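K.L.:
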Amino acid sequence: MRLRAGEFWRYQPAIDHTVGWVALSTGRLLVPESVEAGELAIFESSADAIDFHADADTEFVLGSAAPHAHDLVLGQYSVHSSLAMLRAGEQRIREIHHRLHTEGRL
Numbered sequence: 095m096r097l098r099a100g101e102f103w104r105y106q107p108a109i110d111h112t113v114g115w116v117a118l119s120t121g122r123l124l125v126p127e128s129v130e131a132g133e134l135a136i137f138e139s140s141a142d143a144i145d146f147h148a149d150a151d152t153e154f155v156l157g158s159a160a161p162h163a164h165d166l167v168l169g170q171y172s173v174h175s176s177l178a179m180l181r182a183g184e185q186r187i188r189e190i191h192h193r194l195h196t197e198g199r200l
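For the sequence shown, position 59 matches number 153 in my numbering, and the numbering has no gaps at all.
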């Protein structure tokens, strides 16, 4: 999304979207707190509208979603739906690493 300095935009999430975040690549937003380029802001859990006021020419990415219905398992660099899926993913990465090393590609 792009807003010029002084512009206003309101985002109304879907009724079940209570998870929201914004990441700025340039500029500064007031939402209502100030968020600057290079920062990521995570909003309080809510389906309320979010008002964006550009304090400078701004580019940003907005994300909103319904909460995940199940607990998630966090790996070092990934997110999985279960410990078994995390272990399977990590094993697959080891297999690929071994193959690439054997082929001389690493």
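Built from N, CA and C at the ideal position, the CB exists for glycine as well.
What you are looking at is a predicted structure, and each value in this text was computed from that prediction instead of being measured.
Among Val155, Val125 and His174, which residue has its Cα nearest to the Cα of His162?
P.N.:
Along the sequence shown, read from residue 1 onward, the residue named residue 162 stands at position 68. If we check each option's Cα against that of His162, His174 comes out closest.
K.L.:
So what's His195 in DSSP terms, helix, strand or just coil?
P.N.:
What you label residue 195 is simply residue 101 of the sequence shown in a count that begins at 1. In this structure, His195 counts as helix in the three-state DSSP scheme.
K.L.:
Using the rule of at least 16 other Cβ atoms within 10 Å of the residue's Cβ for burial, across every protein chain shown, is Thr152 buried or exposed?
P.N.:
By one-based count along the sequence shown, residue 152 stands at place 58. It is buried - the Cβ of Thr152 has at least 16 other Cβ atoms within 10 Å.
K.L.:
By Cβ distance below 8 Å, which residues in the same chain neighbour Arg122 in space, the five residues on each side in sequence not counted?
P.N.:
Position 28 of the sequence shown, counted from the first residue, corresponds to residue 122. Hits under 8 Å: Ser128, Val129, Glu130, Ala131, Ala148, Asp149, Ala150 and Thr152.
K.L.:
Would you kindly report the start and end of the unbroken beta strand (DSSP E) that includes Asp145?
P.N.:
Looking up residue 145 in the sequence shown gives position 51. Its beta strand (DSSP E) spans residues Ile144 to Ala148.
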